[in-house]
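In terms of our numbering, the sequence shown opens at residue 7 and continues consecutively.
Backbone N, C-alpha and C define an ideal beta-carbon position, used for all residues, glycine too.
Some notes on the structure that comes next.
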Amino acid sequence: MLQKLSDFLKNPCITFFEVGIQDDATKLKKEHNTLMVANAVELAPLAAKIYFNEKLKSKKYKKLESASLKILVKLILELEFEKPDDVRMSEE
Numbered sequence: 007m008l009q010k011l012s013d014f015l016k017n018p019c020i021t022f023f024e025v026g027i028q029d030d031a032t033k034l035k036k037e038h039n040t041l042m043v044a045n046a047v048e049l050a051p052l053a054a055k056i057y058f059n060e061k062l063k064s065k066k067y068k069k070l071e072s073a074s075l076k077i078l079v080k081l082i083l084e085l086e087f088e089k090p091d092d093v094r095m096s097e098e
């Protein structure tokens, strides 16, 4: 099972988008030496670059490149978003 997950994460045809993905990828590598993410993209800077390119000059969007998922969902989708505790917190 771990090998299948490893193959999936290493697949160069798959790109993973997430807020804080670099931290998660580093944690995976540290905890499970064989788990490495081949293509990881931070979602907030990408959203800032693509979605709010024209608005980045205003103060409201200055911090968008480091925005949380909750903030991105509110600004882009105009929805309120809460992650359940079992998704938001690790078991550590």
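Rounded C-alpha distance that separates residue i from residue j
| i | j | result |
| --- | --- | --- |
| ALA50 | SER12 | 25 Å |
| ASN45 | LEU83 | 25 Å |
Bounding residues of the alpha helix (DSSP H) (the contiguous stretch that carries residue i)
| i | result |
| --- | --- |
| PHE87 | Counting along the chain, PHE87 falls outside any alpha helix (DSSP H), and DSSP gives it neither H nor E. |
| ALA53 | 49–56 |
| GLU71 | Per DSSP, GLU71 belongs to no alpha helix (DSSP H) and is neither H nor E. |
| ALA31 | 27–37 |
Contact test: residue i Cβ vs the ligand MG heavy atom, cutoff 7 Å
| i | result |
| --- | --- |
| VAL47 | With respect to small molecules bound, the structure shown includes none, and the ligand MG cannot be examined in it. |
Classification of residue i by the beta-carbon crowding that lies within 10 angstroms, buried from 16 upward
| i | result |
| --- | --- |
| VAL25 | buried |
| LEU15 | buried |
| LEU70 | buried |
Own chain residues within Cβ distance below 7 Å of residue i, not counting five before or after
| i | result |
| --- | --- |
| VAL79 | LEU85, PHE87 |
| MET42 | LEU15, LYS16, LYS35 |
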